[in-house]
Every structure is written in C-alpha cells, then in structure tokens.
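Chains as they are written, first to last, in the working numbering: chain Z, 14 to 802; chain E, 24 to 290.
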Amino acid sequence: MAVTSIGARVVRKEDHRFITGKGQYTDDINRPGQAHAVFVRSPHAAATIRRIDTSAARSMPGVVAILTGEDLAADKIGGLICGWMIHSKDGSPMKAGAHPALAHGKVRYVGDHVAVVIAETVLQAKDAAEAVVVDYAVEKPVVDVASALAKGAPAVHAEAPDNRVFSWHLGDKAATDAAFAKARHVTALDIVNNRLIPNAMEPRAAVGDYDSGNDAFTLYTTSQNPHVARLVLSAFIGVAPEHKLRVIAPDVGGGFGSKIFIYAEETVCVWAAKKVGRPVKWTSDRTEAFLSDAHGRDHVTRAEMALDENGRILALRVNTKANLGAYLSTFASSVPTYLYAPLLSGQYDIPAIYAEVDGVYTHTAPVDAYRGAGRPEATFVVERLVEVAAREIGMDPARFRARNYIRKFPHQTPVIMAYDAGDYDASLKKALELADYKGFGRRKREAARRGKLRGIGFSSYIEACGIAPSAAVGSLGAGVGLWESAEVRVNPIGTVEVLTGSHSHGQGHETTFAQLVSDRLGIPIENVSIVHGDTDKVQMGMGTYGSRSGAVGMSAIAKALDKVIAKGKKVAAHVLEAAEGDIEFKDGKFSVAGTDRSAGFGDIALQAYIAHKFNGQELEPGLKEGAFYDPTNFTFPAGVHICELEVDPQTGDVTIEKWTAVDDFGVIINPLIVEGQVHGGIAQGVGQALHEGAVYDPATGQLVTASYMDYRMPRAEDLPSFVVDTTVTPCPSNPLGIKGCGEAGAIAAPAAVVNALTNAVGHEDVPMPATPQAMWRACRKAAQPLAAE
Amino acid sequence: MYAFEFHRPTSLRQAASLLGKAEDGRLLAGGQSLLPMMKLRLASPGTVIDLGAVPGMTGIERKGRSLVIGAMTRHAEVETSPVVKEAIPALAHLVSVLGDPAVRNRGTIGGSLANNDPSADYPAACLALGATIVTNQRRIAADDFFQGVFTTALEEGEIIVKVVFPIPSRAGYEKFRHPASRFALAGVFVARRGGEIRVAVTGAGDSGVFRWHEAEEALKGRFAPKSLDGLTPSTEGMNSDIHADAAYRAHLVGVMARRAVERALRR
Numbered sequence: 014m015a016v017t018s019i020g021a022r023v024v025r026k027e028d029h030r031f032i033t034g035k036g037q038y039t040d041d042i043n044r045p046g047q048a049h050a051v052f053v054r055s056p057h058a059a060a061t062i063r064r065i066d067t068s069a070a071r072s073m074p075g076v077v078a079i080l081t082g083e084d085l086a087a088d089k090i091g092g093l094i095c096g097w098m099i100h101s102k103d104g105s106p107m108k109a110g111a112h113p114a115l116a117h118g119k120v121r122y123v124g125d126h127v128a129v130v131i132a133e134t135v136l137q138a139k140d141a142a143e144a145v146v147v148d149y150a151v152e153k154p155v156v157d158v159a160s161a162l163a164k165g166a167p168a169v170h171a172e173a174p175d176n177r178v179f180s181w182h183l184g185d186k187a188a189t190d191a192a193f194a195k196a197r198h199v200t201a202l203d204i205v206n207n208r209l210i211p212n213a214m215e216p217r218a219a220v221g222d223y224d225s226g227n228d229a230f231t232l233y234t235t236s237q238n239p240h241v242a243r244l245v246l247s248a249f250i251g252v253a254p255e256h257k258l259r260v261i262a263p264d265v266g267g268g269f270g271s272k273i274f275i276y277a278e279e280t281v282c283v284w285a286a287k288k289v290g291r292p293v294k295w296t297s298d299r300t301e302a303f304l305s306d307a308h309g310r311d312h313v314t315r316a317e318m319a320l321d322e323n324g325r326i327l328a329l330r331v332n333t334k335a336n337l338g339a340y341l342s343t344f345a346s347s348v349p350t351y352l353y354a355p356l357l358s359g360q361y362d363i364p365a366i367y368a369e370v371d372g373v374y375t376h377t378a379p380v381d382a383y384r385g386a387g388r389p390e391a392t393f394v395v396e397r398l399v400e401v402a403a404r405e406i407g408m409d410p411a412r413f414r415a416r417n418y419i420r421k422f423p424h425q426t427p428v429i430m431a432y433d434a435g436d437y438d439a440s441l442k443k444a445l446e447l448a449d450y451k452g453f454g455r456r457k458r459e460a461a462r463r464g465k466l467r468g469i470g471f472s473s474y475i476e477a478c479g480i481a482p483s484a485a486v487g488s489l490g491a492g493v494g495l496w497e498s499a500e501v502r503v504n505p506i507g508t509v510e511v512l513t514g515s516h517s518h519g520q521g522h523e524t525t526f527a528q529l530v531s532d533r534l535g536i537p538i539e540n541v542s543i544v545h546g547d548t549d550k551v552q553m554g555m556g557t558y559g560s561r562s563g564a565v566g567m568s569a570i571a572k573a574l575d576k577v578i579a580k581g582k583k584v585a586a587h588v589l590e591a592a593e594g595d596i597e598f599k600d601g602k603f604s605v606a607g608t609d610r611s612a613g614f615g616d617i618a619l620q621a622y623i624a625h626k627f628n629g630q631e632l633e634p635g636l637k638e639g640a641f642y643d644p645t646n647f648t649f650p651a652g653v654h655i656c657e658l659e660v661d662p663q664t665g666d667v668t669i670e671k672w673t674a675v676d677d678f679g680v681i682i683n684p685l686i687v688e689g690q691v692h693g694g695i696a697q698g699v700g701q702a703l704h705e706g707a708v709y710d711p712a713t714g715q716l717v718t719a720s721y722m723d724y725r726m727p728r729a730e731d732l733p734s735f736v737v738d739t740t741v742t743p744c745p746s747n748p749l750g751i752k753g754c755g756e757a758g759a760i761a762a763p764a765a766v767v768n769a770l771t772n773a774v775g776h777e778d779v780p781m782p783a784t785p786q787a788m789w790r791a792c793r794k795a796a797q798p799l800a801a802e
Numbered sequence: 024m025y026a027f028e029f030h031r032p033t034s035l036r037q038a039a040s041l042l043g044k045a046e047d048g049r050l051l052a053g054g055q056s057l058l059p060m061m062k063l064r065l066a067s068p069g070t071v072i073d074l075g076a077v078p079g080m081t082g083i084e085r086k087g088r089s090l091v092i093g094a095m096t097r098h099a100e101v102e103t104s105p106v107v108k109e110a111i112p113a114l115a116h117l118v119s120v121l122g123d124p125a126v127r128n129r130g131t132i133g134g135s136l137a138n139n140d141p142s143a144d145y146p147a148a149c150l151a152l153g154a155t156i157v158t159n160q161r162r163i164a165a166d167d168f169f170q171g172v173f174t175t176a177l178e179e180g181e182i183i184v185k186v187v188f189p190i191p192s193r194a195g196y197e198k199f200r201h202p203a204s205r206f207a208l209a210g211v212f213v214a215r216r217g218g219e220i221r222v223a224v225t226g227a228g229d230s231g232v233f234r235w236h237e238a239e240e241a242l243k244g245r246f247a248p249k250s251l252d253g254l255t256p257s258t259e260g261m262n263s264d265i266h267a268d269a270a271y272r273a274h275l276v277g278v279m280a281r282r283a284v285e286r287a288l289r290r
C-alpha cells in the first residue's frame, strides 16, 4: 500500500463512520443504572430567588433527587471559572462575580441554572422540573452594553457596581493622538458586531459516572478539550482530584468554540453521580442550546483611522464595549482583549494604534470564543475602516490596501504581534484576477438594467492562530500554557497509534494527522490510528480551538516522529550491524549509507520489541516516543476575500453572486479538508453578515431568537460555488510551516459582505445582520438621501 | 411531549365519534405543526386521532371546472401532480415553496387549512381561488372559513374531507419568505376567473389571511402589474416583529402582488 504524502487530497477517514451512523457521540453513551438530569432554568433575566419549593416535585413518579445551589455549596463544589486574568488600565484585576453551577440567591439570565431534577427517565425529570416552584422577585434587566453602562443601571454582580468587568487598553495613546492631530483625513465609523449563537449540530451533553469501589469519577462530555475540562473540574471546581477523574470526549459534532468551556451542566452531572449513587446523564435540547451555550461577538465600537495626504494610514483609534453576558465564561475575558486588539493592525503598516475595551456584564447568556474569537471583530473594524477611508479619499479600495500593506518580515506591529511571514500583494493580485475585478463595472451596469444593485467588497484579513508561546500568553494573563502534546506508539508489526492532545470536533484529525505519519514514516495511512479525547489515554493536552491543531498539535506529532526515527536508527544500527551515524531513514526504510543493506520500518519495530539484537542496558527495548511542543510565535494566516452580490431594492433581498477567496495558510497537509474549512468559515461569516443575530428583548431580557423559527442560519442555497485558491509562504515558527485555516473564512467574510453591500447601495449605513428588512431600508435611504429615515 | 391517548380510526365516522368523545382531542393530519408544538410541550392534547388510516381522504381529481383535493393529500403530491399543474399551475407552484421537503412529504392540505397558521401558504390559495372546504358535515366557502389567527369556522367534531377549487383562467402566487422559518412574511395569491378577480394575502396581516379588495378593484381595470403601481395596503392591521415591521410588510405585499400578477400572466 502506498504512502500518503503531505499535500495529498485524502478523503476523510472518519467520514465512513459518521455518514453511516456509526459515530459515537456523548448522547450515544449509556451507563448501567443511569438516571436523567433536567435543569430547572430561570424564566427571568434578573431576579432574586426567594424560595425553591421542591416538595411536590420530589413525590412525582421516577424522581431520584432534586438538587440546588445549596447542595453544591454544602459539598464545597466551587464555582465555574474564567481562566484569563485581565487587568484594567489602572492596574486593578477584573471584577468577576461568582458563577455557581446552580444559582445561589440570584438568577442573571433567562436559562440560568436554578436546580437539577434527576429521575428515571427524561420525561419524568421534565415533568418534575415543571413542578418545582420557584418564588422569584423579578428585577429589571439590562441586556445591551449601552443600558448596562448607563447611570443608575442595575448591577448584574455587586462586585462590578457599574457593570464594568474591566476597562482595558493596549497601545500607545499619546503617539496615536499625535498622529491623529496631524492627519490629513480621518475616517470614523460606529460599528455593531452582532451577537451570535453557535448552533453546533450536536447539542452539548454529559454523562457523569462514579465508581465507589475506586472512589473515581468518569465524565463523558461534548468537549473540544477534555484535559482542560479535567483540570478545571479538578483544580478549581473541586469535583475530584485529577487522578480520580477521567474525562472522555468521544466523537464531537461541531463546537465552533462553544465546547471549549466548562459549563454548569457537566459539573452538576459528575458531582451528582456520586451524590445519587448512579450515573447521571443530560443532553441539551435545542432550546437549551440557544439559551445556555456561550454566545459569540456582541461588540459596540467607535473606530477611527488617520491618513496622511498620500493615503497612508498613520494611526488607528478604537473604543469597544464588549458584552460579556451575565457571568464570565471560561475564556470570556481574553476574547475582546488579547484576541482582539492585537489584530487591529490587519495586514497594514500602521505606526500607531490605541485600543480601549470595556468588558461589560449584562443579563444575557455568557459570551465567549466563537469561531475566530476576537479576530473577526478586529478584522471587521479594520476592513470596514480601510474600505470607507479609500472611498472617502477617492482611491480604489484595492489600491488603497496595497499602498498600506506590510512588505517586510518579520514585522513588529504596535500592538504586540510580530508577523513572521506573508505576501499580501500576492494574495490580492491573485484574488483580483480570479474575481475579474476589472469587469465589475460592466457587471454592475448590466445588473442595473435588471433593476438590481450590484456591489463588490474586499476583506484583506489577518488572523493569529496557534496562540503561543506559553510564556508569552502567560504574561498576558492566561491561566494555562498553549503547547500541545503527542505520543507516537509504534506496535511490534509497525502499525502506529498517535495519541494527541488535540481533539477533533469535525476538523478531520484522523485523516490529516495520519497523513503526516504516513508521509514521515513511509507507511500506509491505513496503518495509522489517531487516539484523542480521553484523559486516561492521552496524558495531557490543550485541545482544539483557535486553528491550533495543525500548527501546534501536528508539530508535536512531528517532534515525536523525529524521536521515533532517531530511536529506530539506533535499533537499525544493531540489526544492520553498522554505525548509528551511517543509518539513513527514507521512504519507510532504514539503510546503511552507501550499501544495499536495509530493513523496513516494520522490521525495525519488531526488532525494537523482541530486543534480540541489542543489549537492553545500552538501548531500551520498545518504540514509543512522546513530545510536548511549544511554538515560538503565533502563526499569521492571511488572505483576500472578495464578495460580489446583488441587492433587490424592492424587497431588500441579497444574492451573493460570486465569492473569491485567496488564502495563505502556509504549508497545507490536505487541500480537501482545508477547502472544506474555508467553505464552512465563509458560510458562517455570511451568516453573521446577512442572517444571524441574537435578539434579547430589552424590557424583559427574554431571548427572542430562541429557535430556528426566529434565528436565521445560513443555508446552502444562500451561497454560490466559492472560488477558492491559495498562496503559500511557509510559517517559520513551526517545523511543518503550517499556519492554520479553521477560522479564516469566518474572519474574512463579514467585512467582505458589508463592504459589498455598502458599495451596492452607495452609503455606509448598513447594519449586521443585513436582513432583507434592513437592506430595504438601506436602499430607500440610498434613493432618498434626505428622507427622515 | 406529555403523555396522550392515540387512536388510528379506519373510517370517517369512527374518527368523528372519537373526536366528539375525546376531551381535548386533536386530529393528526401530517403533524408538521402539531407534533413540534407537542414536542416543545406547547400543545398537550389528551387524545390524538390520526387520520392516516381513514380511506377516501386522499387524491387529486379534476371534476369539470373544479379541482378536488382530498384533505389528507400530502403537499408533495399536489406539487408534483400533472392534474394540478394542468388545472391550476399556481397551486403547484405555491406548494413547491411551502416548507421544506420533509414538511411537503408529511404535511397535508386539510391539516394546513384546519390549523390556519397566519403565515401558511394554502389559506391564500383557498381564499383567492374561492375554494369550498368540504367537511363531514357541510360545505364552507373560503370567505367564511378563515376567521382569524389559528381560528376557522370548523365546529367541534367537524373534519375536513376535501377542498374544491374552481379553476381560474389566470392565477399566480408570490411569497417573500420569512428569513428563518420560511413561512410567508408576505404571500400574495391573485386569481382571475371570468370577470372576478380575487387577491388574498397571507403572512402579513395580524388577523391571518385576508382579501386585499383595493388591489382587486385596481386589477379589474386591467389585469396587469402596472395596475398595482404605487398601491400598498395600509400598515394598520399588519404584523410587526423583529423580522419585518408593519411598513416593510405592507410594502412587501404591494411588491408580491405585482410579481404574482406578472407570474399569472407568464403562462
């Protein structure tokens, strides 16, 4: 069987399992004697709990137990944590309120966890949950940053009386203000980055299991990072010490970030399993997912860009209010700060940048990382400013971008990042050709004859993936390091198991990781298995998010593979009776340089285990190597997306006519999977731009968009066939040259769409999501510039 | 879902008797609205009576100048029926933009009409075409049948058996879909039969489907899109929500009406 090389378009190995219904997801796990948990959730956005009366519910059929926040506290189970410390401008630490897994005295958003009912069946648990009587003193909620920061607004947590969790900044304020003072032109925009609900296909789920014989817990859960879950549940929440807590995340059906976090539900299930002496299972229904999965985005921003007389960017000034929801989710504080402001330089050489960000509590679901996490918000700010600035000074937006591109690498931006490699002109040039930019005017006129407004928009995005090195992220406030681990276990006949701390929730690791092993060891891809998602198998790992699994996870595998080959050479030296320095490894064969003596990879593996040919005191038997890899820098994927669309001014309906994406992801392992990631990312970005938006009722704090009847997901029919291409500058910061591709589409797309929409209607007043209603009004405003609207 | 009693009668008489006896009984006729509501625990009928095994309630037939569709006929059958395409192509088109393939393969015309969702498509066709809803007890004109949001003229124990559509000379349906749910944000069915012109609007009004008499009058002069130029219904009585306020809905009704006339003339 043949070797599968890096760069080959390999069909995903795991898909046979998934598309034939053989996937094993958390909800497929059922433990003997298991009971079912249903959460009593707050129907109010803000209320004080006067009393919880469970007496009627307790006597209902099948009820095993009803537990509340008091039971949690009595067992000394700690609250949920936010693992990234942010300090305000004045040096004070962020003001975080307590986040109990079951409410203690107060509820702070619709869907907040009040109690858990555990019963023999889900239906019995639901019936009993409805019979739990909670006496609430309902209070006035604040759901958006403006009302939360208004004078006299109710405080979501007493710890942050003005609802400001932090008031953070980055960059050189004096230098930035000075640049603005001498600017020839200033472009200013007010931007709302709409709130999104993740909507992974598989809802969250958890099964907690307790083995009293060994006093040990097992938690099966929908996690992108089971080791982080174990660390948090053990070290901070205090469910059980690490060696007594096994976390298994089996197949995970999508996450987009929402399954990074450690939530109340899995905490309660694993704790309750011991409490009631039975395995406890919970599976979210779709309504619960809308209400309680951590949401994404939700920024309100004032952004300004200063230009000189030649159309060069002098400075950027950004003020953002970030809605963090009612509690700080696991990484909530990092998203609008260190994952956002350091990206504000975009692809441009900007001498001075100053960003201020207020993190704000509101009576809404917690907000945390969602595909791109901070980087889409930054790209939207930069790419809208750049587009509008070009229009205002009468310069072609492509030319304006090129004029300001960074061309020398490494490039130190004024906001932390040191870009290591890139060729932004190459991506732009290719994209302009593929999009037939020159022919746009003709297409616009032709559309006008059909009564349609045609627009074109660019997004020259940059992202930072593989957040690292650990020491650097630690200095920025992270509570963890962001390395990755791998262990390569070679079996005696030469097949290979790779244990990785990355964990696929749809990325196709079982294929790409095996592809790397096949390429490096010269063995068929079928001979490689990828093992992930189980803390008892993989010792430690940091999981999958932030497009890190290629750049960081695979680099760890590469490092372990190097060690395997080095050990193999030692064994081969004994087997082939040659000096170790004369052994070469190529195409799956160990050979003695300059001779025809060689042994296959499988033969050497067998020799390593039977250990007949070497002295066990000189060389250890076996062939198994591990590695921890900590990168030297972030990676910086970048590219140009061009969106061309038409607006029907009569209805506001938008049709995307053409999408061109030229991305630089560095070295690509599997183009098929990379294209899939780009396609999905664009679809989500288009979803944010045109369709998706979480709406809370400002008076009641109810989530208005709590189902697919009101929350509009992107559909296949909304999208054209994408034109996807790449340019390549290998990443110098990891051994494989990989940059990462998982979030690029979602980062690039919103600005490209809105730039195209504003180009079509001829003014900048287009909100996200640009729903048909919003676009109808935007068209009317274009037609009647003096109308009251 | 809460527990409920389930019956699957094999005759119309048996179904009616079960419905009469049941306290809080609901008919199951495709279940594309009822079952999701039950799953969400927003509907909790004590008894569900499935009409799926009652003979004689399905089928499409042309009878003289009318098209007759059995109440339990599924949307997909209407969508693909050569008889419908020949007699009232606008009706086949309407069904092709109704729901999604799953809904069209399970949902029925009788179920949709009895439910009278204010954003459903079928009520617009019935009203504009002047259909007659035939029940186990009587014949009800469409003008009398739709009585408001989720409210119809159906009495206790009354079951729709079939729907009789007079065949128009011209008809067209245009729908602007609700971005999320795909129901009609504004759907307009126009029909011309002899000198009679009827325009029915669904999705937009706060009391469900209604006839837009002003547009009917305007089209009497000349059955052409131009006759509706500048015509928009009053925003009074229009629905308003996060997807479309009253002004946008009223505007869309005007646009959809013109496009429906265009479509009616295209054949």
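Even glycine gets a Cβ: it sits at the ideal position worked out from N, Cα and C.
All figures in this text were calculated on a predicted structure; none of them were measured in a lab.
* Asked: In terms of DSSP beta bridges, what is P106 of chain Z paired with?
  -> Here P106 of chain Z is bridged, per DSSP, to Z:H100.
* Asked: Name the residues in the stretch 393–423 of chain Z whose C-beta lies less than 8 Å from a C-beta of chain E; which are they?
  -> Residues: none.
* Asked: If we ignore side chains and look at the alpha-carbon of each, how far apart do K26 of chain Z and I261 of chain Z end up?
  -> Between K26 of chain Z and I261 of chain Z, the alpha-carbon positions lie close to 21 Å from each other.
* How about A477 of chain Z and W496 of chain Z: are their beta carbons less than 9 Å apart? -> 9 Å or more divides the Cβ of A477 of chain Z from the Cβ of W496 of chain Z.
* Out of Z:H654, Z:L329, Z:I273, state which residue places its alpha-carbon closest to the alpha-carbon of A444 of chain Z. => Looking at the Cα atoms, Z:H654 is the closest of the given residues.
* **Cβ neighbours of P248 of chain E in the same chain (closer than 6 Å, five flanking residues each side left out)** => Contacts found: R281, V284, E285.
* Own chain, CB closer than 6 Å to F303 of chain Z, minus 5 neighbours either side, in chain order -> The residues are I210, A719.
* Asked: A573 of chain Z to V503 of chain Z, Cα distance in whole Å?
  -> Those two C-alpha atoms are separated by around 11 Å.
* Asked: Got a sec: is the Cβ-Cβ distance from A800 of chain Z to anything in chain E below 9 Å?
  -> Annotation note: pLDDT 39 at A800 of chain Z (below 50); position unreliable, coordinate value reported separately. No, A800 of chain Z does not count as interfacial toward chain E.
* Just the C-alpha distance for E215 of chain Z and E756 of chain Z, rounded to the nearest angstrom, thanks. => Approximately 19 Å, taken between the alpha carbons.
* Asked: So which residues on chain E does R725 of chain Z lean against when the C-beta distance must stay under 7 Å?
  -> Chain E residues near R725 of chain Z: P202, A203.
* **Any 3 or more C-beta pairs closer than 8 Å across the stretch 181–196 of chain Z and the stretch 361–377 of chain Z** => In the pairwise beta carbon analysis, the stretch 181–196 of chain Z is classified as touching the stretch 361–377 of chain Z: at least three pairs are separated by under 8 Å.
* Those runs of the beta strand (DSSP E) which lie wholly inside the stretch 296–384 of chain Z and span at least 3 residues -> Taken in chain order, the complete beta strand (DSSP E) segments of 3 residues or longer contained in the stretch 296–384 of chain Z are 309–320, 326–338, 365–374.
* To do: Kindly say whether V380 of chain Z, judged by its beta-carbon, lies nearer than 9 Å to any beta-carbon of chain E.
  => Cβ-Cβ to chain E under 9 Å: no for V380 of chain Z.
* Is A569 of chain Z helix, strand or coil when you go by DSSP? -> Of the three classes helix, strand and coil, the one that applies to A569 of chain Z here is helix, per DSSP.
* Run the CB neighbour count on K421 of chain Z, radius 10 Å, all protein chains shown included, and call it buried at 16 or more, exposed below. => With fewer than 16 other CB atoms across the displayed protein chains lying within 10 angstroms of its CB, K421 of chain Z is exposed.
* Asked: Is it buried or exposed for E100 of chain E, if we count other Cβ within 10 angstroms and need 16 for buried?
  -> Flag for E100 of chain E reads buried.
* To do: For H266 of chain E, go through chain Z and note every residue whose CB falls closer than 9 Å to its CB, in chain order.
  => Residues of chain Z with a Cβ closer than 9 Å to the Cβ of H266 of chain E are, in chain order, D723, R725, T784, P785, Q786.
* For L162 of chain Z, the three-state DSSP class (helix, strand or coil) -> Helix, per DSSP.
* How close, in whole Å, do the beta carbons of F269 of chain Z and G96 of chain Z come, if the pair is a contact with beta carbons under 8 Å? -> Actually they do not touch by this definition, with Cβ atoms about 19 Å apart.
* Asked: Does Q663 of chain Z have its Cβ less than 9 Å from a Cβ in chain E?
  -> Flagged as an interface residue toward chain E: Q663 of chain Z, by a C-beta distance shorter than 9 Å.
* Can the beta-carbon of A277 of chain Z be found less than 9 Å from the beta-carbon of H126 of chain Z? -> Judged by their CB atoms, A277 of chain Z and H126 of chain Z are nearer to each other than the 9 Å cut-off.
* Asked: Unbroken beta strand (DSSP E) runs of length 3 or more, entirely within the stretch 63–139 of chain Z: which are they?
  -> For the stretch 63–139 of chain Z, whole beta strand (DSSP E) runs of length 3 or above, ordered along the chain, are 76–81, 126–132.
* Could you give the distance in angstroms between the alpha-carbon of M261 of chain E and the alpha-carbon of R31 of chain E? -> Roughly 40 Å between the two C-alpha positions.
* Along the chain, where does the beta strand (DSSP E) that runs through C656 of chain Z open and close? -> Counting along the chain, the beta strand (DSSP E) containing C656 of chain Z begins and ends at 651–660.
* From what residue to what residue does the alpha helix (DSSP H) around T103 of chain E run? -> Per DSSP, the unbroken alpha helix (DSSP H) holding T103 of chain E starts and ends at 98–103.
* Asked: In this structure, does DSSP put G700 of chain Z in helix, strand or coil?
  -> Helix at G700 of chain Z.
* Asked: Any contact of the stretch 397–417 of chain Z with the stretch 767–778 of chain Z, i.e. 3+ C-beta pairs under 8 Å?
  -> As far as the Cβ criterion goes, the stretch 397–417 of chain Z touches the stretch 767–778 of chain Z, which means the pair count is three or higher.
* Near A110 of chain E, what residues of its chain come up, given a Cβ to Cβ distance below 6 Å and the 5 sequence neighbours on each side ignored? -> Apart from the 5 residues on each side of it in sequence, A110 of chain E sits with its Cβ closer than 6 Å to the Cβ of R85, L90, I190 in its chain, given in chain order.
* Reference D224 of chain Z, options Z:V205, Z:G290, Z:P684, Z:M408, closest by Cα -> It is Z:G290 whose Cα lies nearest to the Cα of D224 of chain Z.
* DSSP state of Y276 of chain Z, grouped into three classes? -> Note: Y276 of chain Z maps to coil in three-state DSSP.
* Quick one: residues in its chain with C-beta nearer than 6 Å to the C-beta of P743 of chain Z, no 5 flanking neighbours on either side, listed in chain order? => Residues G679, V680, G750 of the same chain have their beta carbon placed closer than 6 Å to that of P743 of chain Z, with the five preceding and five following residues left out of the count.
* Could you tell me which of E:P141, E:F206, E:V184 sits nearest to V172 of chain E, measuring between CA atoms? => Out of E:P141, E:F206, E:V184, the CA that lies nearest to the CA of V172 of chain E is found in E:P141.
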